[in-house]
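Sequence order for the protein chains is A and B.
In this text, residue positions in the first sequence follow my numbering: the first is 50, and each later residue adds one.
In this text, residue positions in the second sequence follow my numbering: the first is 292, and each later residue adds one.
Each residue gets a CB set at the ideal place from its N, CA and C atoms; glycine is no exception.
Computed from a predicted model, the values in this text were never measured in an experiment.
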Amino acid sequence: MPKKDKEIYDAIIIGAGISGLVCGCYLAKAGMKVLIVEQHNKPGGYFTSFKRKGFLFDAAAHSFGNYREGGHVRKIFTEIGVDKIIKIERFDPSDIIIAPDFKLTFWNDTNATIADIVTVFPKEKDNIINYFNFLTSSNQAEFTKLKNKTFYSLLHSFFDDEKLISAFALPVLGNGGLPPSLMHAFSGSKIFSEFVIDGGYYPESGIQNLPNALDRIVKQNQGKILYRKLVKTILVANNSVTGVKLESNETLISKYVVSACDMIQTYETLLGKTITDKQIIDRLRNMVPSISTFILYMGINKPFEGLPPPGTNTWYLPHYDLNEIYDQVQKCELSKAGMYMLRVSPDQKTILAFVGAPFETPLFWKQNKRQIAEDFLSRIGNLIPDIKKNITYFDAATPSTLYRYTLNYKGAAFGWAKMPSQTYDPIFSKTTSINGLYLTGHWTSIAFGMPGTCYSGHDTAKRILRKEKIL
Amino acid sequence: MTTNNVEQEIISIISDVSGFEPEEIKPDTNLQNELEIDSIKAIEITVAIEKKFKIQVRDEDVPNITTLKQAVELVNTLISQKDANA
């Protein structure tokens, strides 16, 4: 009996998060036959939206940065044509930091931001200007010198005032999952410059429209995306990839496989311990993932007194000891941790708030989600008293939820923890030791978030295109 | 470790980080312009070199690594200084 023809692709990408999609766009546009396989029912990874009871919520990521003229994300979106499909808007201010003794506002106009911060910290005037100049400079060697420094040492090299240091480190803790004493100076400075100074961008009508546009570009270039399909195995013969096997037992053949999954999943589950070198498994087991997050979703009837401006990320700093906050987050004492980010959606119908959280277990979250969510809401109520009576829909996502939808190891929000000790290990290169197998995504670099995942998706695509002599 | 081995090891690191094939990495190839080594990749290369040769690249050395040749010279110097201090 003739066997059904197996489907043959040039490249199969596992995971339709931003890095997998960007990689797929570049490969498909170069003429390669691309298939992306995604276990969820929609593209985006942490960059998705969902509807409940008539409200549209952004699931995790709620704005992005690095979209200025000349910014890397802008370059990539222009090259692959995202800007022709959707409109990107920018909110002003992008971020507000509310500390016990002061408030800092990050305007789209950097000079206005600097002027405002100087009025709060007049003694630090020159240091603030020097810090912003450093972050926005294009002197590559200066950033390379950060190779094994912490963000705290970088901030301390500019500032004397510990309150200012903590306030500047707060959005870095929120957007990167580590306090300044543990955060890599390069990652910290990039979060500050690419997420905050050049932050506040948003795809018109919701986060989901961005990955949807990338999905469309892949398909316009004869690529294919399979949703609700889980890859079970990456197939390897004679140290070269031959394709993937799905959970549904279908075999798909390809010359290249790109894994946009975390490395534990790639090496231990998809390749398996018979193929993966024991040294890699040992090394992976010693790596520390970034923390996960606990997210509140609130639907409101109409805007009310006390809410921050829509589209602005508002960060609440309860006190100035970020190490203490991080310790409480790791112990899952989220109320004691006290910090959080709150954002009113541009349509002013929903509010998203989040705080870092440890992975724990699915059972733990099943038993404690409700109570933790209510405690969190009460804390918000201390600052915005009218919030409780104006909410008509209320739910939360736990680290278990994030894991379920994205399969990121331990629900990690930012790949590996971005500590100087985890900067880079050649055995985790995007070009693996198996011919045709490549990695991409926030687990492959000290960069992450929209700038990092765009960067790595593009970088991995270029590796393959160079190998194919298309570049 | 011989100079030749040092060069081969550094080529392998640059190849892993940049995604360019080892044959494309010549002594005078400009890392930034020809191999697209930006600050992230420069950090990755420097950290990998430090781990591989158990040396510390000082801040003042960083701007001087613009080609493979310079990287090899610097690593050889740092290794000999380390050996002299050992």
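Pairwise C-alpha distance: residue j and residue i
i      : j      : result
D435/A : T315/A : 47 Å
S309/B : H205/A : 32 Å
Y201/A : F241/A : 13 Å
I328/B : L322/B : 6 Å
Q361/B : V169/A : 46 Å
I334/B : V348/B : 11 Å
P51/A  : I519/A : Reliability fails at P51/A, whose pLDDT of 46 lies under 50, so the model's placement of it is uncertain and the value that follows must be treated cautiously. Between P51/A and I519/A, the C-alpha separation is close to 36 Å.
A406/A : P475/A : 30 Å
P149/A : V404/A : 18 Å
V353/B : T318/A : 39 Å
I166/A : L426/A : 30 Å
S68/A  : T502/A : 5 Å
H507/A : F96/A  : 17 Å
P29/A  : L333/A : The structure shown does not extend to residue 29/A, since chain A is modelled only from 50 through 520, so no value can be given for it.
A65/A  : F140/A : 27 Å
I495/A : T325/A : 23 Å
F113/A : K342/B : 34 Å
T127/A : S341/A : 31 Å
V267/A : L70/A  : 8 Å
L366/A : L301/A : 50 Å
E382/A : G223/A : 16 Å
S308/A : L359/B : 30 Å
L345/A : K152/A : 23 Å
F343/A : I63/A  : 26 Å
D175/A : Q379/A : 36 Å
W414/A : K212/A : 34 Å
L486/A : I513/A : 10 Å
A110/A : M499/A : 9 Å
D374/B : I340/B : 17 Å
DSSP beta-bridge partners of residue i
i      : result
E138/A : Y251/A
W364/A : I146/A and M390/A
N227/A : Before going further, note that residue 227/A is Leu rather than Asn in the sequence given. Paired residues: none, contrary to the question.
A446/A : I344/A
V353/B : Per DSSP, none; premise fails for V353/B.
L84/A  : I61/A and K273/A
E56/A  : L301/A
T154/A : I145/A
F113/A : Y250/A
P469/A : None, per the DSSP bridge assignment.
Delimiting residues of the beta strand (DSSP E) encompassing residue i
i      : result
D107/A : F104 to D107
F403/A : T399 to A406
S68/A  : Element bounds for S68/A: not the beta strand (DSSP E) but the alpha helix (DSSP H), I67 to K78.
F99/A  : S98 to R101
G501/A : Taken as a continuous stretch (DSSP letters only), G501/A belongs to no beta strand (DSSP E), being part of the alpha helix (DSSP H) at G498 to K516.
K281/A : V280 to A286
Y585/A : With chain A covering 50 to 520 only, the question about residue 585/A has no answer from this structure.
S289/A : S289 to L295
L488/A : L486 to L488
Nonlocal neighbours in the same chain, by C-beta distance under 8 Å from residue i, ignoring five residues either side
i      : result
I214/A : Y201, L204, H205, F208 and P229
P313/B : I302, S303 and S306
Q328/A : I476
T185/A : T159, S242 and I246
V297/B : F344, V363, V366, N367 and I370
A218/A : F200, Y201, L204, P228, P229, M232, G237 and L371
Same chain, Cβ closer than 7 Å to residue i, neighbours up to 5 away in sequence not counted
i      : result
F99/A  : F106 and A108
A510/A : C72, Y75 and L76
P338/A : Y458, K459, A461, W465 and A466
Residue i - containing alpha helix (DSSP H), residue span
i      : result
V378/A : L371 to Q379
Y178/A : Reading off the sequence, residue 178/A comes out as Ile, not Tyr. K174 to L184 is the span of the alpha helix (DSSP H), which, as asked, contains I178/A.
S236/A : A234 to K239
G430/A : P411 to L432
V122/A : H121 to I129
Proximal residues to residue i (C-beta, below 6 Å), its chain only, five neighbours per side dropped
i      : result
K102/A : Y442
L84/A  : Y58, I61 and K273
E259/A : Just to set this straight, residue 259/A is Leu in the shown sequence, not Glu. Within the same chain, L259/A has close Cβ partners P252.
K82/A  : Y58 and D59
Residues in the region 318-337 of chain B with C-beta within 9 Å of chain A's C-beta atoms, listed in sequence order? Q323, E327, I328, D329, S330, I331, K332, A333, I334, E335, I336 and T337
Interfacial residues, the region 353-377 of chain B to chain A, with Cβ spacing under 8 Å: V353 and P354
Taking beta-carbon pairs under 7 Å, can you tell me which members of the region 123-142 of chain A lie near chain B? none
Any residues in the region 455-481 of chain A with a beta carbon nearer than 8 Å to a beta carbon of chain B? Which ones, in chain order? T472, Y473, D474, P475, S478, K479 and T480
Of the residues that make up the region 481-505 of chain A, which ones have a beta carbon closer than 8 Å to any beta carbon in chain B? S494, I495, A496 and Y504
If the cut-off is 8 Å on Cβ atoms, which residues from the region 191-225 of chain A count as contacting chain B, listed in chain order? F192, T193, K194, L195, K196 and N197
Along the region 321-347 of chain A, where does the CB come closer than 9 Å to a CB of chain B? Name the residues. none
Beta carbons nearer than 7 Å to chain B: which residues of the region 228-246 of chain A have them? F235
Can you pull out the residues from the region 292-304 of chain B whose beta carbon lies closer than 8 Å to at least one beta carbon of chain A? S303 and I304
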